[in-house]
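Okay, structure first, notes after.
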Amino acid sequence: MLTKLQFSLSVTLLFACGFLYQFTLKPSCLICYLPSYKSQQGLEALLGRGRSIVFLETSERMEPTPLVSCAVESAAKVYPEQPVLLLMKGLNNSMQLPPNSTSPALSLLSAIDNVFLFPLDMKSLFEDTPLFSWYTQINSSTERFWLHISSDASRLAFIWKYGGVYMDTDVISIRPIPEDNFLAAQKSQFSSNGVFGFLPHHPFLWQCMENFVENYNPNIWGHQGPELMTRLLRVWCKLRDFQEVSDLKCLNFSFLHPQRFYPISFRAWRRYYEVWDTEPSFNNSYALHLWNHMNQERKAVVRGSNTLVENLYRKHCPKTYRDLLQGPEGSVTKEQGRGKK
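Read the sequence shown against our numbering and you will find it ends at 385, with the numbers running on by one and no gaps.
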């Protein structure tokens with residue numbers, strides 16, 4: 045009897061040691077995978093719930109900056125009942141973060157209930173759209189602005205297929221957008237493509253994709269992006285200057301006043317990184333485009349600087365502010381006395 049008991053204990057101990065050994069081989073896996081309830085929900089099922097907020101990463105980068113984290117977190121905060129999607133080209137098709145992922149931003153975002161990370165598969169995305177033949181014939185290695193052009197194409201195809209609101213990853217949401225179908229004016233009679241929203245299969249976006257291919261010119265910055273949107277807008281609408289802070293109606297969509305997303309123009313982008321005597325209220329804005337493409341000086345958001353952008357982070361993306369922002373010494377310093385929310 046004693047011998048059998050000793051044998052049983054030995055077998056149990058052997059299995060336990062084997063489990064512990066496998067566990068120690070992958071010490072970070074408990075935090076690097078997406079929660080199971082998220083990985084079980086497909087993209088189609090999520091999009092069927094209502095209007096999604098969509099962000100794209102067309103590079104292979106898997107380390108989102110604090111600005112990207114703030115953009116996604118702020119959208120999740122403003123739209124708590126809607127799925128907020130971050131589609132990343134570098135994410136594999138297993139719906140899980142890579143086992144060697146150490147990105148604090150991805151860990152932060154994947155822990156937010158209504159934020160979902162998905163792979164960006166352009167070939168699949170462009171199927172059944174005018175962009176498919178263009179994409180399968182293009183040599184991306186020779187394209188000077190490929191990251192931007194591929195992003196311009198992807199956002200058109202995604203919103204046409206599934207509907208929702210597209211936002212650039214340098215857009216901080218501050219209040220809900222009340223429109224289903226809209227373009228955002230960057231200035232009078234000129235459209236941005238950094239924020240726009242449509243219900244699925246809107247004919248405006250189909251014509252944008254056709255024009256994208258027919259008038260493709262990769263050598264002109266913005267030709268496939270805001271210039272494209274503006275070209276088609278002029279076909280659809282009889283444009284006029286905005287009167288005060290009021291939006292324009294164009295057939296079955298709205299053309300929103302520049303104050304809605306661009307109260308600080310691209311020429312004045314540095315104002316976000318300055319200390320204001322009296323900060324603007326942005327009462328007429330739904331979100332703020334921070335013009336990160338203009339930031340060639342690599343200006344950073346620094347904790348304790350009291351700049352406009354630091355205060356925007358503190359208010360609209362508090363988790364990013366708490367966990368990812370660096371102090372003046374260059375290290376991440378969590379705020380004292382604040383627990384995790």
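We put the beta carbon where it would ideally sit given N, CA and C, even for glycine. From a predicted model like this one, the values you see are computed outputs, not experimental measurements.
Which residues does DSSP list as the beta-bridge partners of residue i?
{"i": "K293", "result": "S298"}
{"i": "E101", "result": "M132"}
{"i": "A331", "result": "S217"}
{"i": "F162", "result": "L131"}
Quick one: measure Cβ to Cβ for residue i and residue j, integer angstroms, because I've assumed they're closer than 8 angstroms.
{"i": "E101", "j": "T213", "result": "7 angstroms"}
{"i": "N237", "j": "F297", "result": "Their Cβ separation, rounded to whole angstroms, is 14 angstroms, which puts N237 and F297 out of contact at 8 angstroms."}
{"i": "L16", "j": "I218", "result": "With the chain represented from 45 up to 385, any question about residue 16 goes unanswered, as that position is not in the structure."}
{"i": "M106", "j": "S147", "result": "6 angstroms"}
{"i": "I216", "j": "S113", "result": "Not quite, the Cβ-Cβ distance comes to about 11 angstroms (not below 8 angstroms), so this is no contact."}
{"i": "L277", "j": "L227", "result": "6 angstroms"}
{"i": "M13", "j": "F310", "result": "No information on residue 13 is available, as it lies outside the stretch 45 to 385 that the chain covers here."}
{"i": "G208", "j": "S96", "result": "4 angstroms"}
Return the CA-CA distance between residue i and residue j, expressed in angstroms with no decimal places.
{"i": "L369", "j": "K133", "result": "25 angstroms"}
{"i": "V257", "j": "L272", "result": "11 angstroms"}
{"i": "G371", "j": "E323", "result": "21 angstroms"}
{"i": "A155", "j": "L161", "result": "11 angstroms"}
{"i": "Y365", "j": "E341", "result": "21 angstroms"}
{"i": "V98", "j": "G92", "result": "14 angstroms"}
{"i": "F202", "j": "G241", "result": "11 angstroms"}
{"i": "N183", "j": "S325", "result": "46 angstroms"}
{"i": "T173", "j": "P110", "result": "34 angstroms"}
{"i": "L292", "j": "E125", "result": "28 angstroms"}
{"i": "S194", "j": "N255", "result": "15 angstroms"}
{"i": "V239", "j": "M211", "result": "5 angstroms"}
{"i": "P307", "j": "E88", "result": "35 angstroms"}
{"i": "N269", "j": "N259", "result": "Before going on, a small fix: residue 269 reads as Gly here, not Asn. About 12 angstroms."}
{"i": "H360", "j": "S235", "result": "26 angstroms"}
{"i": "E171", "j": "S177", "result": "9 angstroms"}
{"i": "V346", "j": "V353", "result": "9 angstroms"}
{"i": "T186", "j": "P262", "result": "10 angstroms"}
{"i": "L153", "j": "S198", "result": "22 angstroms"}
{"i": "M253", "j": "V159", "result": "28 angstroms"}
{"i": "D196", "j": "C281", "result": "22 angstroms"}
Would you say residue i and residue j are within 7 angstroms of each other, going by their C-beta atoms?
{"i": "W335", "j": "W320", "result": "no"}
{"i": "L200", "j": "L243", "result": "no"}
{"i": "S290", "j": "L191", "result": "no"}
{"i": "L90", "j": "P127", "result": "yes"}
{"i": "S116", "j": "L130", "result": "According to the sequence displayed, residue 116 carries Val and not Ser. Yes. Within cutoff."}
- Which whole runs of the beta strand (DSSP E) in the region 175-257 are 3 residues long or more, in chain order? Counting only runs of 3 or more, we get 208-211, 215-217, 226-231 and 234-242.
- Which runs of the alpha helix (DSSP H) fall wholly inside the region 255-287 and span at least 4 residues, in chain order? Taking only runs of at least 4 residues, the alpha helix (DSSP H) segments lying wholly in the region 255-287 are 270-280.
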